[in-house]
Amino acid sequence: MTTMHSPALEVAARPRRRWPKPTLLIGLALLLLLLVAALFPRALAPFSPTDFDYEALLKGPSAKHPFGTDNFGRDVLSRVIYATRVDLQIAVFTTLFPFIFGTLLGALTGYLGRWSDALVGRVADLVVVFPFLVLVIAIVAVLGPGLTNMYIAVSAVGWVSYWRLTRGEVMNQKKAEYAQAGRVLGYSPSRILLRHLLPNAVTPAIVYLMTDMSLGILLGASLGYLGLGAQPPTAEWGVMVADGKNFMATAWWISTFPGLALTLAGVTFSLIGDGLADALRPRT
Amino acid sequence: MNVKRLSRIALSLAAALTVGQAFAATRGGQMTFGRYADSLFLDPVLNDANLDIWILTNLYDTLLQPTNDGKGVQMGLASSYTTGKDGKSMVLTLRAGLKFADGSALNASDVKWSLDRARNPEAGAWNSSLASINSIAVSGNKVTLNLKRPDPTLPAALATFNAAIMPQKLFTAAPGKNDAEKAKAFAEKPIGSGPFVLSEWKRGSYMVMKRNPYYWKKGDDGKALPYLDSVRFEIIPDDNTRILKLQAGELQIAEFIPLSRVAELKADSRLNMTLFPSTKVSSILMNNRPKLNDGSENPLSDVNVRQALNYASNKDALIQVVTYGNGKPMKSYMSSTTPLFDAKQPGFPYDLAKAKALMAASKYKNGFDVTVLATSGSADDLALLTALQQMWGAVGVRLKIEQLDAATKTARYRANDFQMRTAAWTNDINDPSQITSYYTLFDNIESVHTGFKSAEVDKLFAQSQQELNLARRTAQYQQIQSIYLKAAPIVYLYETPYPVAMSKKVKGFFQIPLGNNLFASAYLDK
Amino acid sequence: MHASYVIRRLLQIIPTFLAVMLVVFLLVRLLPGDPASAILGDRATAEIVERTNRELGLDRPLPIQFGVFVRNLLQGDLGDSISLKIPVLRLIGERLPTTLFLTAYAAVLGVLMAVPLAVLAAVRRNTWVDAVIRAVFQVGLSLPVFYVALQLLSLLGARLGWFPIGGYGEGFGGHLYHLFLPALTLGLNLAAILVRTLRNSIIEVLTAEYVDFARAKGLRSRVIMTRHVLRNALIATVTLLGLNIGALIGGAVITETVFAIPGVGRLMVDAIFGRDYPVIQGLTLTFALIVSLVFLITDLIHARLDPRAELS
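Chains as they are written, first to last, in the numbering used here: chain G, 1 to 284; chain W, 1001 to 1526; chain V, 2001 to 2312.
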């Protein structure tokens, strides 16, 4: 699927130059906005996200419904707000396991090298050359569609990127002076790995995590197009865009507003990613 | 409001039906038709899907043909037929000078060979429609079918795609060790007896059918049909793309227009948005068994509950939300376009009070949870079930939607491992016996896997299958429909037409209620 | 040194390939629903399903089925499609060139868009030019592919009539013309990733010490640009392309559906939903082979371009 970009080198070339601080601040401010919507949808949304109104099917934006209504007469604004929680959940859960597992495994095999590295490398090869779509549909078909199974499918594949990034970084850091010094000082390998190498090597993975979060949400949309995403009546931006595609000519607002929300989330994560890349530059 | 809508549909249908005859036909040209998916296997006997069935009769003609309104049968390759006094034989007379698309003669022996192949119980999924045939004899241009029992469905069966006449010589000359292998080879470049012949097929992309110069039927101008030089099918899976291509003039016809866009396309002055009457009925199949597969108790085994769900379903609202006003409530398990449909069937008009009373009379006064299987990615299923979730909530039934891809859904269904599922049906044959045997007979597939079983229905059906008297057969079918309605093994929803958008230039094209697309008398107006 | 490296890498593909074979074979059989049910649909009786499964040899024990699969594969036979009833190899031969053409086209368009804009954004970093370029691609990257596809189609295809709506066209020119919008859709996606990374890597080069040194030596900025900046951009581009080629081929699925292109992406989706085991197996193996080879080729190109890179 398009949204599964192998990332490895996307962030490998980190900026060496300090970026203006506002990047991270704006990103965090937008994230705060999303979090407020996710935590207090009831306070913000004028209507229930699931209540039908047969008297107001496919109505354009108005004072009562600023984002219009969909084909069930549901208020699009309310659905966009309620969907925030679901989409932030998708962003977190599609990336959490791959990040933790991939990063730790990457640190370990990067440090140990040799056979452990070669073994994981072969498994990673298998995952990467295997068509992602076959895997996702297979997992979703076996376990049933829905967000949880989507998380499982993505996690089965997603760890490879983090593994690659961290492994490469640890291999480089291993040669760095402070690691050599640690060895000379007689620190235990686990101390060198966890206290010194990992914290320095994790930066690219964290930065990539931000990109990966918006890719996760987009994957939800693609699966929605194939009918394998969030289940009704749950409001989710990607599925809302997919469901609205038959109305693009007659009721543009159904797909446009959740589309804008997707973009907003994408921009948020990307700004934070750029900001973090700057803030977390390795201490060398 | 309903009546008005119905009369509007009826008017547009009447217009569609008469358009072909109103003007002198123009000959020549290519008609480009946008399909949502490609055909799979063009063998009349061994195919399995509507993707094949709905275009097959353009390539292979049958002895008899369904009429364009879907209500009756007209002559095809046979010019006449007679039924024996005891009803246990049928003699068909073939037209003189019939030819296959390669110019070779179509003889009675081809007919015998084709029907023998089609009724072989070891071949294909359709042979049961010809099961009453005991043996076939030919002499000259006469074909005699000797029957095991009188069979009122036989004329309709002989007008159905699987009874198509194929060239024995060419088929048996095809490479391959057995019938199945020969069929594979032959179906890639089939030569048949229909108005068109396949000339080019790039799978998944396009298919071109050329005019068969040897076709027997005459057009309004007295010359042989078809009018068109060729028909080109373009495969365009995305609904939006298909419509855009039609509007851009790159297609003349686009099938399967989403019902949500019918009104918009009706307003397009360049297009003829046509709703062809269909035999399509949409319902929710319920598992009626006392226990589910996992051993748990099944609330849907209570007839009060099943009726309550039927009454609690607001058909008019569903028709608005799901079909955008382009459907009508189902009154019987069969569509109103099916022969012997009983117009007096009441169906289940929306009545929330009655539904609540029925629930109160059941063991489940406080409601229950129930899961319905839906086809993932189906916008219609989603719209329908999201609406039903709300409607049934009013009688305390909490509906959970489980979306599955079609193959998984079929597997669960076949194993009776479901509580409810969405389902749609179209007839393949112009007779009520097909849908009735599937929906009401346990011995077929457990009454569409609902588990419904009625000795009375079994008896009535067995009688109706050899009842040649139309009045008596009609009465039998009335009873079957009434018994089924009372038992409510399914949730009756709605009937929907086939939505086809055409350029205003397209005339004489038909999609009959069975779904077959007929191009024989189609033409492009200058 | 290169030859032995290439041979070692090719040998490494073999175990991966064998693993893919086994995994896909088991995975398709783990899917609920069998091919017979899938092709016969809801109406089939138990007997017909059973008969069909027998005819397809799917009633035999798994090890025997796997043995048949491997034996046939060694003879270059991927079996017949269950639903289309023609050889899988022929099917792939008909459809794969379309997808490869689309992928290559998208890659070219993506690079043509990304490289100049990334250089521009990097040179004018932190100005409004930079901001606009990054914002446009960020929006492109944040929207679902099918949405972008449909918007391009209705705007450039239907409303303006500049491009045909869907299809593959005839001949090289026809393909270029018909596939422009789908390639643009995929290319935009790729360009969004490229721009983000290239911009950063170019900034890194521009601010690196050796560039300062070169400038101090009095080298003209055009020379610096071509010798250092573009060379590095090229290296990063090739690497990124290689890494994303799998996603690009895989991503063709939705694009092919929206634009009605008869490629392998759509074939794969149809095969999965139709439980067409031989087609899924054949396509998965083909995909694995292509992606492995692309990885190898990009590594070789990378080595040729970047003298610092070591082939290990």
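A virtual CB, placed ideally from N, CA and C, is assigned to each residue, including glycine.
### Per-residue DSSP class, three states only, for W/Y1081
DSSP, read as helix, strand or coil, puts W/Y1081 in strand.
### Task
Return helix, strand or coil for W/V1208, following the three-state DSSP convention.
Strand, per DSSP.
### Message
Less than 7 Å between C-beta atoms, sequence neighbours within five positions excluded: which residues of the same chain meet that for G/S78?
### Response
Non-local beta-carbon contacts of G/S78 in its own chain, meaning distances under 7 Å to residues more than five positions away in sequence, involve A45, P46, F47, S48 and P49 in chain order.
### Message
Given this structure, state the Cα-to-Cα distance separating G/Y111 from W/V1397, to the nearest angstrom.
### Response
Between G/Y111 and W/V1397, the C-alpha separation is close to 58 Å.
### Message
Counting only C-beta atoms, is V/A2019 closer than 8 Å to chain G at any point?
### Response
Against chain G, the CB of V/A2019 has a partner CB under 8 Å away; the residue lies at that interface.
### Message
Counting C-beta neighbours from all protein chains within 10 Å, is the total for G/Y54 16 or more, i.e. buried, or is it exposed?
### Response
Counting the other CB atoms within 10 Å of its CB gives G/Y54 a total below 16, which places it among the exposed residues.
### Query
Does the region 1363-1377 of chain W come within contact of the region 1293-1301 of chain W, defined as at least 3 CB pairs closer than 8 Å?
Judged by pairs of C-beta atoms under 8 Å, the region 1363-1377 of chain W touches the region 1293-1301 of chain W, as three or more such pairs exist.
### Message
Does W/A1022 come out as helix, strand or coil in the three-state DSSP assignment?
### Response
Summary for W/A1022: the model assigns pLDDT 48, below 50, so the residue's position carries little reliability; its value from the coordinates is reported in the next sentence. Annotated three-state conformation of W/A1022 is helix, per DSSP.
#### Entry: chain W contact for G/P46 (CB, 8 Å cutoff)
So, not an interface residue.
### Query
Is the CB of V/R2272 under 8 Å away from at least one CB in chain G?
Note that residue 2272 of chain V is Ile in the sequence shown, not Arg. Using a CB distance cut-off of 8 Å, V/I2272 counts as an interface residue toward chain G.
### Task
Would you give the residue range spanned by the beta strand (DSSP E) that W/Y1364 belongs to?
Neither: W/Y1364 is in no beta strand (DSSP E) and is coded neither H nor E.
### Query
Counting only beta-carbon atoms, is V/P2182 nearer than 8 Å to chain W?
Answer no: the Cβ-Cβ gap between V/P2182 and chain W never drops below 8 Å.
### Message
Is W/P1329 close to chain B? Criterion is C-beta to C-beta, closer than 8 Å.
### Response
Looking at the structure shown, chain B is missing, and the protein chains on hand are G, W and V.
### Task
Using a Cβ-Cβ cut-off of less than 8 Å, give me the residues of the region 2085-2118 of chain V that come near chain W, in sequence order.
Closer than 8 Å at the C-beta level to chain W, one finds these residues of the region 2085-2118 of chain V: K2085, I2086, L2091, E2094 and R2095.
#### Entry: Backbone CA spacing between V/V2068 and W/L1063 [nearest angstrom]
In this model, V/V2068 and W/L1063 are separated by some 44 Å (Cα to Cα).
#### Entry: G/G238 and V/L2141 closer than 8 Å at C-beta
No, they are not a contact pair.
#### Entry: As assigned by DSSP and simplified to three states, the class of W/W1201
Residue state, collapsed to three classes: strand.
#### Entry: Contact with chain W by V/L2056, beta-carbon distance below 8 Å
No, V/L2056 lies away from the interface with chain W (no Cβ there is under 8 Å from its Cβ).
### Query
Would V/I2245 pass as a contact of V/V2294 if the rule is Cβ separation under 8 Å?
Yes, they are a contact pair.
### Query
Comparing the C-beta of G/S214 with each C-beta of chain V, is any distance below 8 Å?
It does: the Cβ of G/S214 has a partner Cβ on chain V nearer than 8 Å.
### Query
Okay, do the region 1275-1283 of chain W and the region 1052-1059 of chain W touch, 3+ Cβ pairs below 8 Å being the bar?
With a cut-off of 8 Å on Cβ pairs, the region 1275-1283 of chain W is not in contact with the region 1052-1059 of chain W, counting fewer than three such pairs.
### Query
Residues of chain W with CB under 8 Å from G/T148, in chain order?
Taking a Cβ-Cβ cut-off of 8 Å, G/T148 has no neighbours in chain W, whose nearest Cβ is about 13 Å from it.
### Task
Compare the C-beta of W/S1205 with all C-beta atoms of chain V and state if any pair is closer than 8 Å.
Put simply, the CB of W/S1205 is near chain V, with a gap under 8 Å to one of its CB atoms.
### Query
Per DSSP, W/T1093 is paired with what?
Looking at the DSSP assignment, W/T1093 forms a beta bridge with W/S1080 and W/K1142.
### Task
Check the Cβ-Cβ distances between G/Y82 and every residue of chain W, and say whether any is below 8 Å.
No, no contact with chain W.
#### Entry: Three-state secondary structure (DSSP) of G/R114
G/R114 falls in the helix class under three-state DSSP.
### Query
Contact between the region 154-161 of chain G and the region 93-111 of chain G: three or more CB pairs below 8 Å?
They touch, by the three-pair rule.
### Query
With respect to 7 Å, is the separation between the Cβ of W/L1251 and the closest non-hydrogen atom of the ligand FMN below this value?
Within the structure as shown, the ligand FMN is missing, as the structure has no ligands at all.
#### Entry: Which of helix, strand or coil DSSP assigns to G/Y151
Looking at G/Y151 - three-state DSSP - the assignment turns out to be helix.
### Message
So with CB distances below 9 Å, who are the chain W contacts of G/F52?
### Response
Per Cβ cutoff of 9 Å: A1317, V1321, T1386, A1387 and Q1390.
### Same chain only: Cβ atoms within 7 Å of V/A2158, ignoring 5 sequence neighbours per side
Answer for V/A2158: I2165, listed in chain order.
### Query
According to the Cβ coordinates, are V/G2263 and V/L2102 closer than 8 Å?
Yes, the Cβ-Cβ distance between V/G2263 and V/L2102 is below 8 Å.
### Message
Between which residues of its own chain and W/Q1476 is the CB-CB distance below 7 Å, once the five residues before and five after are set aside?
### Response
Within the same chain, W/Q1476 has close Cβ partners L1460, Q1463, S1464 and E1467.
### Any alpha helix (DSSP H) of 4 or more consecutive residues that is wholly inside the region 2066-2138 of chain V
If we require 4 residues or more, the alpha helix (DSSP H) runs fully inside the region 2066-2138 of chain V come out as 2088-2123.
### Message
Buried or exposed for W/V1506, going by 16 or more other Cβ atoms inside 10 Å?
### Response
Buried, since its Cβ has 16 or more Cβ neighbours within 10 Å.
### Member of W/T1410, W/F1161, W/N1304 and W/F1186 whose CA lies at the smallest distance from the CA of W/A1488
Minimum Cα distance to W/A1488 is reached at W/N1304.
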